[in-house]
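> The numbering used here puts the first residue of the sequence shown at 1, with every later residue one more than the last.
Virtual Cβ for every residue (Gly too), placed ideally from N, Cα, C.
My structure is below; once you've seen it, I'll send some questions.
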Amino acid sequence: LALSAFQPVSRDFAFVVDADVPADKLVRAAKGADRTLISEVAVFDVYRGPGVPDGKKSLAIEVTLQPVDATLTDAQIEAVGTAVVANVAKQTGGELRG
Numbered sequence: 001l002a003l004s005a006f007q008p009v010s011r012d013f014a015f016v017v018d019a020d021v022p023a024d025k026l027v028r029a030a031k032g033a034d035r036t037l038i039s040e041v042a043v044f045d046v047y048r049g050p051g052v053p054d055g056k057k058s059l060a061i062e063v064t065l066q067p068v069d070a071t072l073t074d075a076q077i078e079a080v081g082t083a084v085v086a087n088v089a090k091q092t093g094g095e096l097r098g
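What follows is the structure, given as C-alpha cells:
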C-alpha cells in the first residue's frame, strides 16, 4: 500500500432506490464509476419515511477520491461525481435524492 502525497477528497450522495436493493450493490456500482480515483465508498445512512416513496429507501454514501499523481481539479471531481450518479442509476435504478 503506497501512501499518496495528495489530499483525498470526499463527496456525499443520497440515492433513492427500491427497498429491496442491497446497500452493497449500490456501493459496488459507485466504486465501479472510477476504479482509479475512488479509493473508498461507505454507507452512512439508510432512511425510510416521509419524503421517500413507499417501497423505496434512501441510501446515503460517502465517496472518497484519492489522487495518485496530481491534485484533483474541480472539473475532475465533478466528472467522477457525474459518473457515480450515472453508474448507480444504470446498475441499481437509483436516482439522486433531491
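Any idea which residues DSSP pairs F44 with across the strands?
As a first step, residue 44 is located in the sequence shown; it is residue number 44 there, counting from the start. Partner(s): none; F44 has no beta bridge.
> Excluding the five sequence neighbours on either side, which residues of its own chain have a C-beta within less than 7 Å of the C-beta of G32, listed in chain order?
For this step, residue 32 is matched to residue 32 along the sequence shown. Once the five neighbours on either side are set aside, the close Cβ partners of G32 are N87.
> Could you round the C-beta distance between P100 and Q66 to whole angstroms and report it? I think they count as a contact, below 8 Å.
Because the chain here runs from 1 to 98, residue 100 falls outside it and cannot be looked at.
> Rounded C-beta distance between E40 and T64? I'm assuming under 8 Å.
To locate residue 40, count along the sequence shown from 1; it is residue 40. To locate residue 64, count along the sequence shown from 1; it is residue 64. Yes, E40 and T64 are in contact; Cβ-Cβ is about 4 Å, under 8 Å.
> Identify the continuous alpha helix (DSSP H) that holds D20 and give its terminal residues.
In the sequence shown, counting from the first residue as 1, residue 20 sits at position 20. Segment: none, D20 is in no alpha helix (DSSP H) and carries neither H nor E.
> Where DSSP assigns a beta bridge to T64, which residues make up the other side?
The count along the sequence shown starts at 1 and reaches residue 64 at position 64. Paired residues: S10 and E40.
> Restricting to runs no shorter than 4 residues, where is the alpha helix (DSSP H) found entirely within the stretch 71-98?
List check, alpha helix (DSSP H) in window: 74-92.
> With the cut-off set at 8 Å, would you say L96 and F13 are in Cβ contact?
By one-based count along the sequence shown, residue 96 stands at place 96. By one-based count along the sequence shown, residue 13 stands at place 13. Yes, the Cβ-Cβ distance between L96 and F13 is below 8 Å.
> Here's the rule I'm using: 16 or more other beta-carbon atoms within 10 Å means buried, otherwise exposed. How should K90 be labelled?
What you label residue 90 is simply residue 90 of the sequence shown in a count that begins at 1. The residue is exposed, with fewer than 16 neighbouring Cβ atoms inside 10 Å.
> Flag this pair as yes or no: are the beta carbons of V68 and S10 separated by less than 8 Å?
The residue given as residue 68 occupies position 68 in the sequence shown. The residue given as residue 10 occupies position 10 in the sequence shown. No, they are not a contact pair.
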